[in-house]
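Written below as structure tokens is the structure these notes are about.
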Amino acid sequence: MTSTVGFIGLGNMGGPMAINLVKAGHRVLGFDLSEAAMSAHADAGGEKATGVAQMAAEADVIVTMLPAGKHVRQIYMGEGGILENAKPGTLLIDSSTIDVDSARAVIAAASDKGMPMVDAPVSGGVAGAAGGTLTFMVGGADEAFEAALPYLDVMGKTIVHAGGAGNGQAAKICNNMILGISMIAVSEAFVLAERLGLDAQKLFDISSTASGQCWSLTSYCPVPGPLPSSPANRDYQPGFAAEMMLKDLKLAQEAASSSGAATPLGAEAASLYSLFCNSGGQGQDFSGIVKFLRGTS
Ligand code: NAD
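Here the working numbering = 1-based position in the sequence shown + 189.
Have a look at this one:
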């Protein structure tokens, strides 16, 4: 079945995701503030929408891929936005990484207008967006999840229903908080090993089969050598940029403070990534934090 899909936010992620929907045979009305992004969409077989209102009125399904919660609130709930112009029953999918409170507020407002909606943030980066291999973490009612599945399947490989509204965002920030903290832990261990005269390869060989084992060590080792595929071997070119990790750690801290959860290591990780980004690391891979820790020791 092919549909008219509205797609707002044709950036690094949204651009290739929208093209995968075009390739699957959908009519994709794209909209972005950037003329270059709109032209790239049209060149790949998509259509340019004249604005949010026109696109929303024509679409059966709308996907958004925007920078932050304030953009998502504005595009959905603002004057001239999606909820004002879309037909009741239009399926809404927000794949932006945003704060849990905004995700829940927008889904509740959509529900009041009779529009099923899911929050469906992704992991997998630009390569996953281009290859259609993203992981989607989805929050929302069962029927909304089922309705979104055929579209998410076109753009991703692993689709997980994490529970009710906002739980996709909750899953994403909880996972990335583990990742940020564990990358710092592994990096500190390598810096300490250097000072103690313990070879990095030896530490890797021992810890990767001992109780220190974790993904940051064995799949994304932050020092060059032990794992040829990790960004450490190509001067910390991302990969997953430190500024994106900082964004997710800040979202986790916002969620911790609004829900009353104690996350002291998450707070420390956010503060270390903020220092790393402010000292020039923002565009580097997040595993480059090891250089920052080495420099301050
Ligand atoms: P991006 O900045 O490349 O794209 C965002 C696009 O939204 C831009 O083209 C911008 O012009 C457009 N935009 C902003 N406000 C708009 C508005 N009011 N109307 C229409 N268009 C508007 O960002 P990105 O890298 O594509 O990231 C998008 C989202 O995906 C973010 O929430 C990010 O955290 C998340 N994400 C990114 C990655 C990654 O590796 N880049 C990975 C996972 C998740």
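Backbone N, C-alpha and C define an ideal beta-carbon position, used for all residues, glycine too.
Distance cut-off 7 Å: residue i Cβ against heavy atoms of the ligand ATP
i, result
"Ala360", "In the structure shown, the ligand ATP is absent; the only ligands present are the ligand NAD."
Contact check, residue i vs residue j, beta carbons under 8 Å
i, j, result
"Ala330", "Ile287", "no"
"Ala458", "Gly369", "yes"
"Ala444", "Val211", "no"
"Val295", "Arg262", "yes"
"Ile251", "Gly195", "yes"
"Thr279", "Ala248", "yes"
"Glu236", "Gly219", "yes"
"Gly355", "Ala450", "no"
"Leu416", "Met366", "no"
"Ser405", "Val375", "yes"
Member of the options whose CA lies at the smallest distance from the CA of residue i
i, options, result
"Lys436", "Glu377, Pro413 and Cys363", "Cys363"
"Ser285", "Thr279, Val307 and Gly269", "Val307"
"Met304", "Gln358, Pro310, Leu338 and Glu273", "Glu273"
"Thr324", "Val343, Gln263 and Pro453", "Val343"
"Asn201", "Gly317, Arg293 and Asp232", "Gly317"
"Leu222", "Asp232, Gly414, Ala238 and Ala213", "Ala238"
"Ala421", "Asn365, Ser476 and Ala309", "Ser476"
"Gln471", "Ser376, Leu280, Glu432 and Tyr265", "Glu432"
"Lys361", "Ser192, Met326 and Tyr340", "Met326"
"Ala333", "Ala207, Ala319, Asn365 and Ser300", "Ser300"
"Ala298", "Gly314, Val315, Gly313 and Gly270", "Gly270"
"Ile208", "Ile197, Ala225, Thr193 and Gly234", "Gly234"
"Ala140", "Gly314, Gly355, Asp283 and His215", "An answer regarding residue 140 cannot be provided, because it is not within the stretch 190 to 486 covered by the chain."
"Met227", "Ala246, Gln243, Ala245 and Gly203", "Gly203"
"Glu377", "Gly240, Ile478, Asp474 and Ala451", "Ile478"
"Ala231", "Thr485, Pro205 and Gly353", "Pro205"
"Val412", "Gly401, Leu392 and Leu341", "Leu392"
"Ile197", "His260, Leu338 and Lys276", "His260"
"Gly428", "Gly414, Val241 and Cys410", "Cys410"
"Cys403", "Met372, Ser448, Gln426 and Gly414", "Met372"
"Met254", "Arg216, Ser448, Leu281 and Gly267", "Leu281"
"Ile264", "Ser468, Pro277 and Asp283", "Asp283"
Near the ligand NAD: residue i beta-carbon under 7 Å from a heavy atom
i, result
"Ala245", "no"
"Val311", "yes"
"Ser223", "yes"
"Met254", "yes"
"Asn201", "yes"
"Ala226", "yes"
"Leu286", "The displayed chain sequence assigns Thr, not Leu, to residue 286. It does: the Cβ of Thr286 is within 7 Å (strictly closer) of some heavy atom of the ligand NAD."
"Met433", "yes"
"His260", "yes"
"Ile197", "yes"
"Gly314", "yes"
"Lys436", "yes"
"Phe220", "yes"
"Ile271", "no"
"Gln471", "no"
"Gln442", "no"
"Gln402", "no"
"Ile208", "no"
"Ile478", "no"
"Ile264", "yes"
Coil, strand or helix - residue i by DSSP
i, result
"Phe220", "strand"
"Ile197", "strand"
"Leu416", "coil"
"His489", "This structure leaves residue 489 out entirely; the chain is present only between 190 and 486."
"Ile348", "strand"
"Leu255", "coil"
"Lys480", "helix"
"Leu387", "coil"
"Gly328", "strand"
"Ser312", "strand"
"Ala430", "strand"
"Met306", "strand"
"Asp394", "helix"
"Asp288", "coil"
"Glu268", "coil"
"Asp474", "strand"
"Asp283", "strand"
"Lys237", "strand"
Interface flag, residue i vs chain C, CB-CB below 8 Å
i, result
"Ile395", "Chain labels in this structure do not include chain C; a single protein chain is all it has."
Answer yes if the segment 382 to 397 comes into contact with the segment 339 to 350, meaning at least three C-beta pairs across the two stretches below 8 Å, and no otherwise. Short answer: they don't touch.
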